[in-house]
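Down below is the structure, laid out as C-alpha cells.
There are 2 protein chains.
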Amino acid sequence: MASEVVLLHLLHSPFATRVRIALAEKEVEFESREEDLSNKSPLLLKMNPVNKQIPVLIHKGKPICESLIIVEYIDEVWNHKSPLLPSHPYLRAHARFWGDYIDKKIYPIGRMLWASSDHEEASKKELIEIFKVLEGELGDKPYYGGDTFGFVDVALIPYYAFFHTFEMLGNFSFEAEFPKLVSWAKRCMQKTSVSKSLCDQHKVYEVVLELKKKLVVE
Amino acid sequence: MASEVVLLHLLHSPFATRVRIALAEKEVEFESREEDLSNKSPLLLKMNPVNKQIPVLIHKGKPICESLIIVEYIDEVWNHKSPLLPSHPYLRAHARFWGDYIDKKIYPIGRMLWASSDHEEASKKELIEIFKVLEGELGDKPYYGGDTFGFVDVALIPYYAFFHTFEMLGNFSFEAEFPKLVSWAKRCMQKTSVSKSLCDQHKVYEVVLELKKKLVVE
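Sequence order for the protein chains is B and F.
The opening residue of the first sequence carries number 1 in this note's numbering; numbering runs sequentially from there.
The opening residue of the second sequence carries number 1 in this note's numbering; numbering runs sequentially from there.
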C-alpha cells in the first residue's frame with residue numbers, strides 16, 4: 001500500500017460513489033481497490049473490523065469508515081477547494097439532517113424492493129413518498145447546497161444510477177413524478193466529478209436483478 | 001416561545017438525554033418542553049415535520065433535529081468550553097464512527113427485546129456482542145474521548161439508564177460481563193452534567209415494561 005490515499009470500494013455501491021465524487025471534487029488522486037463482497041480482502045477486514053463494509057478510505061495508513069463520515073473527513077482535510085459543508089453551524093446541521101434522512105430512508109426501502117416479495121406495494125408507496133419529501137426540500141434551488149454543489153448533493157446523487165431500477169421495480173416515472181429532481185440530477189451529471197463516478201443505470205439494474213434472484217425465495 | 005434555547009424532549013429518551021448532557025456541559029440554559037408522544041404538540045409537528053420526533057433543539061426560533069446532529073451543533077455554537085469533538089479530522093471521524101455505531105446498534109436491538117416475543121434469544125446475544133465491541137473500544141481509557149469526556153461519551157452514557165432494563169430482559173449482569181464499561185459509566189455519573197440529565201434506571205424499566213405490554217401481541 002504505497003499510495004497516500006487508498007479507497008476500498010465497489011463501483012455500483014451508492015455509498016462508495018459518494019466518496020469517489022468527494023475525492024474528485026477535491027482533485028485528490030487515489031489508489032482504487034475494488035472489493036469482492038463475497039470474498040472480502042484481508043485488508044478490508046483489517047481496516048474495518050467492526051462493520052466489514054465498503055467504502056473504506058485509507059489515508060496515510062489510517063482507515064476512515066462510513067460514507068458520509070468519510071465525505072466530511074475529505075471536506076475537512078482537503079479544505080483548499082470545493083467546500084462541501086457550509087461554514088455556518090445551522091446550515092451544517094441542516095445539511096447533516098438531510099444526509100441522515102437519505103441514509104436512513106432510500107437504501108433500506110430500495111433493498112426491500114429487491115430483497116423481498118412481501119410488502120412490495122407498501123415499499124413502492126414509501127419510496128415515492130421519500131422522493132416527494134426530497135423534491136420538496138430541493139424546491140427551486142439549483143442544488144441542495146443552494147447555488148453550489150454540496151454535501152447533500154454528494155449524499156443523494158449516487159442514487160441517480162438507481163433511478164432506472166426504482167422505476168422498473170416501482171412502476172413509476174421519475175420524469176413524470178419528480179421533474180425538478182430529474183433536472184437537478186442532470187445538472188449534477190454535467191460535473192465531471194459526478195459523471196465519472198456514477199455507474200450506468202442499466203448496469204445497476206442488471207446487478208440488482210441478479211441480486212433479486214439470489215435474495216427472493218419464490 | 002420567548003427563550004433563546006428551547007428543547008422539545010422526553011425525560012427517559014436516550015436521544016433527548018444526549019442533548020440535555022451537551023447543553024449542561026456547555027452551561028447553556030434552556031426552556032424545557034416535555035412532549036407527549038401519543039399527542040404530539042403542534043410546535044413539534046411544525047419544527048420537525050419530516051420525522052416528527054424528539055429531541056428538537058430550537059435555537060433563536062430555528063429547529064435542529066436528530067440527537068447527534070444537535071450535539072455537534074451545540075459543540076460548534078457554544079465552542080467556548082468543554083469541546084466534545086476533537087479538533088483533528090481523523091479523531092473527529094473516529095468519534096463520529098462510534099456515535100454512528102451506537103445509533104445504529106443499541107436502540108434497534110433494545111427495541112426488539114421489548115417489542116417482540118420472537119428472536120429474543122438472538123437479540124440478547126446481539127446486545128451482548130454490541131457491548132463487547134463497545135468495551136473493546138473503550139479499553140483502558142478513562143473516557144471514549146481519552147482523558148476527557150467527549151462526543152462518544154455523550155452518545156453512549158444515556159444508555160446507562162437502560163442497563164438495568166437490558167439486564168432484566170437479557171438475563172445477564174453488566175458488572176460481571178463488562179466491568180470496564182460499568183466503571184466508565186460510574187465515572188461519567190460523577191459529572192453533574194450527566195447525573196442531572198439521566199433518568200433513574202428503575203423508572204426506565206417501568207416505562208419499558210409498560211411499553212412491552214402494549215407492543216407484544218401474546
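Idealized CB from N, CA, C, for every residue including glycine.
With distances taken between CA atoms, Arg96 of chain F lies nearest to F:Ile69 out of F:Ser173, F:Tyr107 and F:Ile69. About 18 Å separates the beta carbon of Cys188 of chain B from that of His12 of chain B, a gap too long to meet the 8 Å contact definition. For the pair Lys180 of chain F and Leu134 of chain F, the CB atoms are not nearer than the 7 Å cut-off. Interface with chain F (7 Å Cβ-Cβ cutoff): Cys65 of chain B is included. Cβ neighbours of Val6 of chain B within its own chain (closer than 7 Å, five residues either side excluded): Phe30, Glu31, Arg33 and Ile58.
For Cys199 of chain B, the three-state secondary structure derived from DSSP is coil. By the C-beta criterion, the stretch 96 to 114 of chain F is judged not to be in contact with the stretch 41 to 56 of chain F, since fewer than 3 inter-stretch pairs fall below 8 Å. The residues Val182, in chain order, have a CB closer than 7 Å to that of Glu175 of chain B in the same chain once the five nearest residues on each side in sequence are set aside.
Contacts between Ile69 of chain F and chain B, judged by CB atoms closer than 8 Å, involve Ala93, Arg96, Phe97 and Asp100 in chain order. The beta carbons of Pro142 of chain B and Arg18 of chain B sit no closer together than 7 Å. Lys214 of chain B is bridged by DSSP to nothing; it lacks a bridge partner. If you look at Ser32 of chain B, you'll find it in the beta strand (DSSP E) that goes Glu31 to Glu34.
Any Cβ of chain F closer than 7 Å to the Cβ of Glu27 of chain B would place that residue at the interface, and such an atom is absent. Glu121 of chain B is not a Cβ neighbour of Ile109 of chain B, given a cutoff of 7 Å.
By the CB criterion at 7 Å, Ala93 of chain B and Tyr205 of chain F fall outside the cutoff. Residues of chain F with a Cβ closer than 9 Å to the Cβ of Val207 of chain B do not exist, since the nearest Cβ in that chain sits about 25 Å away.
In this chain, the alpha helix (DSSP H) harbouring His94 of chain B covers Pro89 to Ala115.
The CB of Val50 of chain F comes closer than 7 Å to the CB of Tyr101 and Val133 in chain B, given here in chain order. Minimum Cα-Cα distance from Glu76 of chain B among the listed residues F:Ser82, F:Ile64 and F:Tyr90 corresponds to F:Tyr90.
With fewer than 16 other Cβ atoms inside 10 Å of its own Cβ, Ser87 of chain F counts as exposed. Setting aside the 5 residues that flank it on each side, Lys26 of chain F is surrounded in the same chain by Ile74, Trp78, Lys81 and Ser82, each with a C-beta closer than 7 Å to its C-beta; the list follows chain order. In this structure, the alpha-carbon of Trp184 of chain B lies about 42 Å from that of Ala24 of chain F.
For the C-beta of Lys62 of chain B, the chain F residues within less than 7 Å are, from N- to C-terminus, Tyr90. Judged by beta-carbon spacing, Trp98 of chain F lies beyond the 7 Å limit of Val28 of chain F, meaning their Cβ atoms are not closer than that value. Using beta-carbon distances, Glu76 of chain B counts as an interface residue toward chain F, with a partner under 7 Å. At least one CB atom of chain F sits nearer than 7 Å to the CB of Tyr73 of chain B. In the three-state DSSP reduction, His59 of chain B falls in the strand class (E or B). Assignment of Gly145 of chain B by DSSP, reduced to helix, strand and coil, places it in the coil class. Of the candidates B:Lys213, B:Gly136 and B:Ile21, B:Lys213 places its Cα closest to the Cα of Ser116 of chain B. Ile21 of chain B is positioned such that its CB atom lies closer than 7 Å to that of Ser197 of chain B. Per DSSP, the continuous alpha helix (DSSP H) segment holding Val182 of chain B begins and ends at Pro179 to Met189. Distance from the CA of Lys60 of chain F to the CA of Ala16 of chain B, rounded to the nearest whole angstrom, comes to 37 Å.
In this structure Phe178 of chain F touches Phe131 of chain F by the C-beta definition: roughly 5 Å separates them, less than 8 Å.
Across the set F:Pro63, F:Val208 and F:Lys124, the C-alpha of F:Val208 shows the shortest separation from the C-alpha of Ala161 of chain F.
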